[in-house]
Amino acid sequence: MPNPRLYAGQIITADKWNSLIPQLVQQENDQTVTNSITPINTEIIFTPEPNATYQYWLFLSYSATTASGLRWQWLAAGASFCSFTQSISNPGAGTTVNSPQSVNFRRPANTTGRLAGGSDAASPPTGFHSAYDQGTFTTDGTTSSVTMQFAQAVSNANQTILRGGNQTRMLYRRIA
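Every letter in the sequence shown is one number past the one before it in numbering that gives the first Met the number 0, and letter 93, counting from 1, is 92.
Set out below in structure tokens:
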């Protein structure tokens, strides 16, 4: 169902009303990865309707060292993403969370991992960073879940932490 256009005097149905409301999925717990560039599933998982187009906003909170960084991607067998991302360039150049860093704005391909750098020199990292991923995705005729995955950008003994506790979250809503 497309995002409804409402006219004066029109009766609104529950489906039309609900399509206007953004949905929220959030990472409740911290997840830590060491020595691995193999993506793992996060708590950002949901099942969109088939044959639909959605708009989304992903707000990532993470901690990483300059040696490890963070990589995230979408596991979505039945969806094609059109992403626009913003993050600290990997590898990170700073030695504190407030050090000037290069920023990477990307339009990655559907299957391309998105990279973000860190600032900490020691592990476990204590600096909190943000990365953003927004855009649209279109689902095919199957009912398939969408899962955000993450790993280290570079395999390293230092920890990379995806932050939970309502810090990493995704909003999405159906637009067509």
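Every residue, glycine too, gets a C-beta built ideally from N, C-alpha and C.
Exposure of residue i, with buried meaning 16 or more beta-carbon neighbours within 10 Å
| i | result |
| --- | --- |
| Asp119 | buried |
| Leu114 | buried |
| Thr159 | buried |
| Phe149 | buried |
| Trp16 | exposed |
| Phe132 | Checking the displayed sequence, the identity of residue 132 turns out to be Asp instead of Phe. That one is buried. |
| Val102 | exposed |
| Phe80 | buried |
| Arg173 | buried |
| Thr142 | exposed |
Straight-line gap, residue i to residue j (C-alpha atoms, nearest Å)
| i | j | result |
| --- | --- | --- |
| Ala7 | Tyr171 | 27 Å |
| Pro124 | Ser144 | 31 Å |
| Gly140 | Ile36 | 31 Å |
| Gln30 | Ser18 | 31 Å |
| Asn89 | Thr12 | 47 Å |
| Thr110 | Ala51 | 19 Å |
| Ile87 | Ile20 | 31 Å |
| Leu5 | Thr146 | 32 Å |
| Gln9 | Thr135 | 28 Å |
| Leu99 | Ala92 | Residue identity check: residue 99 is Pro in the sequence provided, not Leu. Going by the C-alpha atoms only, they are around 8 Å apart. |
| Ala176 | Ala121 | Residue 176 cannot be examined here, being either before or after the span of the chain that is shown, 0 to 175. |
Beta-bridge pairing of residue i - partner residues as DSSP gives them
| i | result |
| --- | --- |
| Ala78 | Thr138 |
| Thr52 | Thr137 |
| Val102 | Ile87 |
| Thr111 | The partner list for Thr111 (beta bridge, DSSP) is empty, contrary to what the question assumes. |
| Tyr171 | Gln22, Tyr55 |
| Arg70 | Leu114, Ala150 |
| Ser129 | Ser60 |
Candidates the options, of which the one nearest residue i by Cα
| i | options | result |
| --- | --- | --- |
| Pro178 | Thr141, Trp71, Ala76 | Residue 178 is absent from the model: the chain starts at 0 and stops at 175. |
| Gly117 | Asn109, Leu59, Phe58, Phe127 | Phe127 |
| Thr138 | Ile44, Asn109, Pro49 | Pro49 |
| Asn40 | Tyr131, Arg173, Ala75 | Ala75 |
| Val153 | Gln9, Gly68, Gln25 | Gly68 |
| Gln151 | Gln26, Ile10, Pro38 | Pro38 |
| Ala156 | Thr65, Trp73, Ile10 | Thr65 |
| Val24 | Thr31, Ile10, Thr46 | Thr46 |
| Asp27 | Ser129, Thr146, Leu161 | In the sequence as displayed, the identity of residue 27 is Glu instead of Asp. Nearest option by C-alpha distance: Leu161. |
| Val32 | Gly91, Pro99, Ala63, Met147 | Ala63 |
| Gly112 | Phe83, Tyr61, Trp73 | Trp73 |
| Leu59 | Tyr53, Asn34, Gln85, Ala121 | Gln85 |
Start-to-end residues for the beta strand (DSSP E) that takes in residue i
| i | result |
| --- | --- |
| Ala150 | 145–150 |
| Val32 | 30–32 |
| Leu5 | First-last for Leu5: undefined, no H or E at that position. |
| Ile160 | 159–161 |
| Thr41 | 39–45 |
Range of the contiguous alpha helix (DSSP H) that encloses residue i
| i | result |
| --- | --- |
| Asn17 | 13–18 |
Test: residue i CB closer than 8 Å to a CB of chain C
| i | result |
| --- | --- |
| Ala175 | Among the protein chains of the structure shown there is no chain C, as only one such chain exists. |
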